[in-house]
Every structure is written in C-alpha cells, then in structure tokens.
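One structure below.
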Amino acid sequence: AGIGTFVLLGPEEVLDASDGSGRGAEHRFVVSVISDATGFLQAKEVAAAVSDALVDAPLMLDRGRLVGLRFLKAQARRLDQGAARRIDLRFVARVED
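Residues 253 to 349 in the numbering used here are what the sequence shown lists, from first letter to last.
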C-alpha cells in the first residue's frame, strides 16, 4: 500500500514587523502536499484547496489579529525516483499584537 495524499505543515520563520502603530510579526511558512498518486494532478488539486482555504479566509487567532495572508510561490518535484510527488506552498502572514 502507498502513502496516499497528505498535507504537512512545514518550517516557519517569524520576523519582527512592529511599526509605529504597534507590535507585529511576519510569519513565513510552508505547507507541503505529498502524494503517491500517478502524475501531479491530485497533488495540484489538493494544493489549490489548501491555498483557497488559507488565502482571504477569516482566520481567528488565539492571540493577535491576522492582518493579511498571501501566497508567495509553489515548487513541485518528484520524490523517491518518481514514486511520489511533493508540492511546497510558501505563504506569508502578517499578524498584529
């Protein structure tokens, strides 16, 4: 049996984004889609659904306020000599405290 298709929350980098209006942070993070389905179609469909769920969604935070979240770029590649596919989606979120 294969691994199927799944979503993995990857690395995150947080930078100070405070300004004259108050404290804030910029969160740069990666969400990966990994699939052993033939071709990239299934992985791309899941990646599009992930992006649609994050960008412009009314996301609530335990602390602070999400000012904006945007998609930066995606990179697709084969893994395990072509047996699996991986798409890394890069996003940036701006949060005010």
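Yeah, the Cβ is synthetic: ideal placement off N, Cα and C, and Gly gets one too.
> If you count every other CB in all the chains shown that lies within 10 Å of the CB of Val266, and 16 or more means buried, which is it?
Replying inline: Counted from its first residue, the sequence shown places residue 266 at position 14. With fewer than 16 Cβ atoms within 10 Å of its Cβ, Val266 is classed as exposed.
>> Can you check which of these residues, Phe323, Leu331, Glu348 and Gly272, is closest to Ala299 by C-alpha distance?
In response: Position 47 of the sequence shown holds residue 299. Nearest C-alpha to Ala299: Phe323.
>> Just verifying my parser: in three-state terms, what is the DSSP assignment at Ala326?
In response: Walking along the sequence shown from the start, residue 326 turns up at place 74. The answer is strand: DSSP assigns Ala326 an E or B state.
> DSSP on Ala305, reduced to helix/strand/coil?
Replying inline: Against the sequence shown, residue 305 aligns to sequence position 53. Helix.
>> One question on the structure: do Leu232 and Val282 come within less than 8 Å of each other, judged by their Cβ atoms?
In response: Any property of residue 232 remains undetermined from this structure, which presents the chain solely from 253 to 349.
> Gly334 by DSSP, collapsed to three states: which one?
Replying inline: Position 82 of the sequence shown, counting from 1, holds the residue named residue 334. Of the three classes helix, strand and coil, the one that applies to Gly334 here is helix, per DSSP.
> From this set, Thr290, Leu313, Phe343 and Gly256, which residue's C-alpha is nearest Asp226's C-alpha?
Replying inline: The structure shown does not extend to residue 226, since the chain spans only 253 to 349, so no value can be given for it.
> Hey, Val319 and Arg346 are a contact pair by Cβ (cut 8 Å); roughly how many whole angstroms apart?
Replying inline: In the sequence shown, residue 319 corresponds to position 67, counting from 1. In the sequence shown, residue 346 corresponds to position 94, counting from 1. At roughly 4 Å, the Cβ-Cβ gap stays under 8 Å, so Val319 and Arg346 are in contact.
> Any idea which residues DSSP pairs Leu341 with across the strands?
Replying inline: Position 89 of the sequence shown, counting from 1, holds the residue named residue 341. In the DSSP output, where bridge partners are listed per residue, Leu341 has Val283 and Ala326.
> Tell me, which residues are paired with Leu321 by DSSP?
Replying inline: In the sequence shown, the residue the question calls residue 321 occupies position 69. According to DSSP, Leu321 bridges with Ala345.
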